[in-house]
Amino acid sequence: DVVLTQSPATLSVTPGERISLSCRASESVDTYLHWYQQRPNESPRLLIKYASQSIPGIPSRFSGSGSGTDFTLSINGLELEDLSIYYCQQGNSLPRTFGAGTKLELK
Amino acid sequence: QVQLQQSGTELVKPASSVKISCKASGYTFTSYYMHWMRQQPGNGLEWIGWVYPGNGNTKYNHKFDGKATLTADKSSSTAYMQLSSLTSEDSAVYFCARGGNYFDYWGQGVMVTVSS
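Heads up: the protein sequence lines correspond to chains Z and S, in order.
Following our numbering, the numbering of the first sequence begins with 23 at its first residue and continues without gaps.
Following our numbering, the numbering of the second sequence begins with 4 at its first residue and continues without gaps.
See the structure below:
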């Protein structure tokens, strides 16, 4: 199974700043890497597909990059509503796997 | 608009089974895979498997072989997951989600609590 390692586990943030979250795969997943946001007591929401492709309705401050084994989710101009847990997920092989998540908390 | 409406909270006894549902609307049910995920308290997401409603084919995460059974009813556009031989380890929120490579629409989740 492909293991996805996300870092950091927790990040203390300030509104307005630019942040980057990392997701590293145990083997190449090409660009079959997707990002989700999960707010407390809500279902996950798709943010970015295929490493860097935007999703309609998702604010433009969210962007993704990477290929192979190293991926980054960036938030440019963090807002309070972005305080959530962010997961990466690979779709290159079965079983589908998720990273353990990065939690954004207020500094 | 696409919606996935899951059934309600379940409180079940150890060693029993439970069947939860996911009713789809707003798209052609038979044209998309339906996936199921587990989220244990305070933990991340685990992929359980998928069912393809067009032909009933299924694929499971080996970790859930023998634990989960996925089915779909085309007539009601509803996907089902049955969990058997329940233990406290199965206490979790279970999500259905539409997709293939990624999951673009999710149900609201069903909390299953296993307790005597």
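For every residue, glycine included, the Cβ atom is placed at its ideal position computed from N, Cα and C.
Model, not experiment: these values are computed from the prediction.
- Contact annotation: S/K22 and S/P56 have beta-carbon atoms that are not nearer than 9 angstroms.
- Beta-carbon to beta-carbon, Z/F93 and S/L48 are separated by about 17 angstroms, too far to satisfy the 8 angstroms threshold.
- Here S/Y105 is not near S/W39, since their CB atoms are 9 angstroms or more apart.
- Residues of chain Z with a Cβ closer than 8 angstroms to the Cβ of S/K62 are, in chain order, L116.
- The C-beta of S/Y105 comes closer than 9 angstroms to at least one C-beta of chain Z.
- Under the 8 angstroms Cβ criterion, the region 9 to 21 of chain S does not count as touching the region 76 to 83 of chain Z, having fewer than three qualifying pairs.
- DSSP places Z/G88 in the uninterrupted beta strand (DSSP E) bounded by F84 to S89.
- No Cβ-Cβ contact shorter than 9 angstroms links Z/E64 with Z/R83.
- Residues are counted here when their Cβ sits less than 7 angstroms from a Cβ of chain S; for the region 69 to 99 of chain Z these are K71, given in chain order.
- F98: these are the residues of the region 72 to 99 of chain S whose beta carbon lies less than 7 angstroms from some beta carbon of chain Z, given in chain order.
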